[in-house]
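Chains as they are written, first to last, in the working numbering: chain Y, 144 to 502; chain R, 17 to 284.
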């Protein structure tokens, strides 16, 4: 502990501090504890919990991708499921038709994703808000249609089976191996996003979201940066889709319904717009919510009678949670998190100082 | 005299291929000088600034004749962000800051010339020195700033782009006299210390004639008068239309002004 009396709160005094990823000693310890917990978790968890964790990782990659586009660059997209489908089908088709190994299929999926992103980012140069959302919806239906056509033409009417990827002759299988692969990928994507947002590109996206005209007046190429946002986001979404395909060992269009797009939009809204932490929290929340509801229903007396209702209850609860968040906590889970963090940071005071200090 | 920084020659700007907003407007801005553009609503002042900065495209306007040269290169009908990169920064009339970002973030966002991060930081700090108030407001969200503070922030973020020419659309609009005086002093200081040329579009003749070295008067899309500010100040028409003085030099009384308007309405 330092001997000097300290003001309650954390104050940055140099510009470089604004950019630092880890600000305080406490944060460093918390981060280390988090990494240790994440690394230790799979050895204690049941296969069911491992599968849940893997789903959360996959969802986190997808949610981070959408957060870049919507939460930072301010472009609405409902084509997210379509992009994930594109990634998954690229993997499926390449490994079925050409027996391509994963180190070829994954980059190919990323490439397909970014190309699709560039094409479907084009309307964003003219359209805004709702109109843009509808035009990205077209992307979703197009990709899903093409995927369905491929399935039925080639006779894989129920879906494409993908062999597990092999690293050095060993096939990757089992929840534990996938836990580390998906966890490390999600961590890598998070770091990539963090650094991208601290760069000039991230600042340009923030400017575009705030006001396109002013951004242009201050020398930011709005058209180019918008397309870039679509490409990066789509690349990551396709990557998430490709990993999903490998993880499940199976690809079919049914997995990529419009509901999936809406789930991803829900993740970033519930998590908290404009925050990467929010994307991760939202992915966690939305992925676990159905399981939580199921567990809650099971504790009720006469649970068997409700089993048929589960699906409907899930949908309804999902909508209800979205509405509640929009009404009561527009900043999402990350807003709650920040409030709690600020409480402890300012303790024993209640409010931050009126001038200076952190945001 | 060396070649001017910006030359506008016989400019014609047409909105939606139908409405001519500017016709045969010529203008030159020497390095390190302040040029004032006066005119009433609809005279074409803002259109002129937008044409220079490339923003006329937003309202579907085109430069149909004439030319705009900046440092010897044609920039008419260019892309706004490329013009900004070339060294012309615009402080727009209304939406001029990023309302959901803090003051500090507003200053880090503009895309300046390629340079090291340290150099960039130094310039941001240097710019804030012109507007000490912004340093106090660093962590305030720009949407919560007052009109005067917004104007300061907009000018500061424009300066972060390291422009050679600063275009200011309506410096004094909606601001109190005290704030206007302060901003005017800053502009003079910026011109002196950074050697930046400024084009100032104004409705308020008092502000424009006070600050500028050279002035142009626009009316109905045409230049009707231009000259050294000293000469303009004593020009009879300026005295009458913009300062509300009779040709004899006395201030018009309110009653005369009313009379004048009424007679216009009755006979004209």
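Heads up, the beta-carbon is just placed ideally off N, CA and C, and yes, glycines get one too. Treat the numbers as computed from the prediction; the structure is a model and nothing was measured.
Closer than 8 Å to chain R by CB, residue i
| i | result |
| --- | --- |
| residue 361 (chain Y) | yes |
| residue 365 (chain Y) | yes |
| residue 216 (chain Y) | no |
| residue 478 (chain Y) | no |
| residue 343 (chain Y) | yes |
Where residue i meets chain Y, residues with beta-carbon distance less than 8 Å
| i | result |
| --- | --- |
| residue 193 (chain R) | Neighbours of residue 193 (chain R) on chain Y: none; closest Cβ ~27 Å, over 8 Å. |
Coil, strand or helix - residue i by DSSP
| i | result |
| --- | --- |
| residue 28 (chain R) | strand |
| residue 336 (chain Y) | helix |
| residue 313 (chain Y) | strand |
| residue 78 (chain R) | strand |
| residue 443 (chain Y) | coil |
| residue 232 (chain R) | strand |
| residue 499 (chain Y) | For residue 499 (chain Y), the predicted structure reports a pLDDT of 49, less than 50, and the residue's modelled location is therefore unreliable. A value from the coordinates is still provided. In the structure shown, residue 499 (chain Y) sits in coil (DSSP, three-state: anything other than H, G, I, E or B). |
| residue 160 (chain R) | helix |
| residue 125 (chain R) | coil |
| residue 45 (chain R) | strand |
| residue 239 (chain R) | strand |
| residue 89 (chain R) | strand |
| residue 132 (chain R) | coil |
| residue 221 (chain Y) | coil |
| residue 261 (chain R) | strand |
| residue 185 (chain R) | strand |
| residue 167 (chain Y) | coil |
| residue 83 (chain R) | strand |
| residue 21 (chain R) | coil |
C-beta neighbour in chain Y for residue i, strict 8 Å
| i | result |
| --- | --- |
| residue 64 (chain R) | no |
| residue 106 (chain R) | yes |
| residue 239 (chain R) | no |
| residue 277 (chain R) | Residue placement at residue 277 (chain R) cannot be trusted, given a pLDDT of 49 that sits under 50; what the coordinates show is reported in the next sentence. So no, residue 277 (chain R) is outside the interface. |
| residue 126 (chain R) | yes |
| residue 114 (chain R) | yes |
| residue 97 (chain R) | yes |
| residue 67 (chain R) | no |
| residue 162 (chain R) | no |
| residue 132 (chain R) | no |
| residue 89 (chain R) | no |
| residue 85 (chain R) | no |
Contacting residues, own chain, Cβ-Cβ under 7 Å from residue i (five flanking each side not counted)
| i | result |
| --- | --- |
| residue 262 (chain Y) | none |
Reference residue i, options the options, closest by Cα
| i | options | result |
| --- | --- | --- |
| residue 48 (chain R) | R:65, R:249, R:244 and R:204 | R:204 |
| residue 169 (chain R) | R:123, R:238, R:110 and R:70 | R:123 |
| residue 391 (chain Y) | Y:365, Y:304, Y:428 and Y:455 | Y:304 |
| residue 56 (chain R) | R:235, R:249 and R:246 | R:235 |
| residue 254 (chain Y) | Y:267, Y:227 and Y:278 | Y:227 |
| residue 232 (chain R) | R:50, R:21, R:32 and R:141 | R:50 |
| residue 478 (chain Y) | Y:336, Y:425 and Y:178 | Y:425 |
| residue 226 (chain R) | R:245, R:211, R:213 and R:241 | R:245 |
| residue 115 (chain R) | Y:369, Y:173, Y:349 and Y:368 | Y:349 |
| residue 377 (chain Y) | Y:167, Y:169, Y:455 and Y:204 | Y:204 |
| residue 399 (chain Y) | Y:192, Y:174, Y:270 and Y:202 | Y:202 |
| residue 280 (chain Y) | Y:220, Y:351, Y:300 and Y:234 | Y:220 |
| residue 413 (chain Y) | Y:277, Y:463 and Y:268 | Y:463 |
Contacts around residue i, its chain only, beta-carbon distance under 6 Å, and the 5 residues preceding and following it disregarded
| i | result |
| --- | --- |
| residue 326 (chain Y) | 200 |
| residue 249 (chain Y) | 385 |
| residue 40 (chain R) | 26 |
| residue 396 (chain Y) | 287, 290 and 291 |
| residue 214 (chain Y) | 411, 416 and 417 |
| residue 254 (chain R) | 248 |
| residue 144 (chain R) | 150 and 151 |
| residue 343 (chain Y) | none |
| residue 105 (chain R) | 174, 177, 179 and 182 |
Interface residues of chain R facing residue i [CB-CB closer than 8 Å]
| i | result |
| --- | --- |
| residue 356 (chain Y) | 71, 74, 108 and 111 |
Partners in chain R for residue i, counting only beta-carbon separations shorter than 7 Å
| i | result |
| --- | --- |
| residue 421 (chain Y) | Ordered by position in chain R, no residue passes the 7 Å Cβ test against residue 421 (chain Y), which lies about 15 Å from the chain. |
| residue 346 (chain Y) | 124 and 125 |
Contacting residues, own chain, Cβ-Cβ under 8 Å from residue i (five flanking each side not counted)
| i | result |
| --- | --- |
| residue 486 (chain Y) | none |
| residue 166 (chain R) | 112, 113 and 158 |
| residue 323 (chain Y) | 185 |
Within chain Y, partners of residue i - CB distance below 7 Å
| i | result |
| --- | --- |
| residue 117 (chain R) | 349 and 353 |
Residues that residue i contacts on chain Y, provided the C-beta gap is smaller than 9 Å
| i | result |
| --- | --- |
| residue 174 (chain R) | 360 and 361 |
| residue 100 (chain R) | 359, 360, 361, 362 and 363 |
Cutoff 8 Å: residue i Cβ touching any chain C Cβ
| i | result |
| --- | --- |
| residue 256 (chain R) | No chain C appears in this structure, whose protein chains are Y and R. |
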